[in-house]
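Going by this note's numbering, the sequence shown opens with residue 150, and the numbers climb by one from there.
No residue lacks a Cβ here, since even glycine has one placed at the ideal position from N, Cα and C.
Just so it is clear, the structure is predicted and the values come from calculations on it, not from any experiment.
Reviewing the structure listed below.
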Amino acid sequence: MKITKKFHEHLNNFNAVSKKSILIIATVAFSILNLNATNNKKSLNTLTEVTTLTRDHIAQVFDWKVETNKGIYSGTSLTFESAKEMIALSSSGEMILGTEIQSYLVLKSEVNTQRNYFWEVETATGSAKGYASSEDYANKMIQLVASGDAIVSKLIISQPQQ
Numbered sequence: 150m151k152i153t154k155k156f157h158e159h160l161n162n163f164n165a166v167s168k169k170s171i172l173i174i175a176t177v178a179f180s181i182l183n184l185n186a187t188n189n190k191k192s193l194n195t196l197t198e199v200t201t202l203t204r205d206h207i208a209q210v211f212d213w214k215v216e217t218n219k220g221i222y223s224g225t226s227l228t229f230e231s232a233k234e235m236i237a238l239s240s241s242g243e244m245i246l247g248t249e250i251q252s253y254l255v256l257k258s259e260v261n262t263q264r265n266y267f268w269e270v271e272t273a274t275g276s277a278k279g280y281a282s283s284e285d286y287a288n289k290m291i292q293l294v295a296s297g298d299a300i301v302s303k304l305i306i307s308q309p310q311q
């Protein structure tokens, strides 16, 4: 009887140790899983919108570059004629060493996004230059700077943001 009693005590101790071991292992496993969990909230909306692109959604833009004896100028224009005009304006009075105009197709919705506009104005009494986030803002800055003075020359160059 004494042996049976000791056996039951030993079995109870073994069960207690097994339960503690299982709890420790489970705690470690859940800690690792919790450590790798993310808090990203994902949309439960499974509706997917499909759009069809047509020629009406695509625009052609022209990146231009001119190398002169005084430096290299470049920018982006919405028309080929505007690109040629920008080359002529930016290189006026300088010797042209080379020109390049490349055309790209982009979505119309992205034509005026993510662009920087460099502007420069020279008046009878001075000059100023700066950057703007839109062509309209660049024109407004030129008008503000030149207020009351006759504008001798002005330049707006558009570049995609890098």
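Beta-carbon proximity of residue i to residue j, cut-off 8 Å
i, j, result
"E271", "V294", "no"
"G224", "S283", "no"
"I250", "W213", "yes"
"E243", "T217", "yes"
Inter-residue Cα distance where the pair is residue i and residue j
i, j, result
"S241", "T201", "44 Å"
"L304", "D205", "30 Å"
"L227", "I236", "14 Å"
"A281", "N288", "9 Å"
"A277", "D298", "13 Å"
"Y253", "T176", "58 Å"
"E230", "F267", "19 Å"
"G279", "K219", "20 Å"
Among the options, nearest to residue i - alpha-carbon criterion
i, options, result
"L238", "Y286, D285, E269", "E269"
"T274", "S296, E234, L254", "S296"
"K233", "L254, V210, F267, A277", "V210"
"T248", "Q292, Y286, I221", "I221"
"I207", "E230, K257, I174", "K257"
Those runs of the beta strand (DSSP E) which lie wholly inside the stretch 224-265 and span at least 3 residues: Scanning the stretch 224-265 for uninterrupted beta strand (DSSP E) segments of 3 residues or longer gives 245-256, listed from N- to C-terminal end.
Uninterrupted beta strand (DSSP E) stretches inside the stretch 270-296 (no shorter than 3 residues): Considered as a whole, the stretch 270-296 harbours 276-281 as its complete beta strand (DSSP E) runs of no fewer than 3 residues, in chain order.
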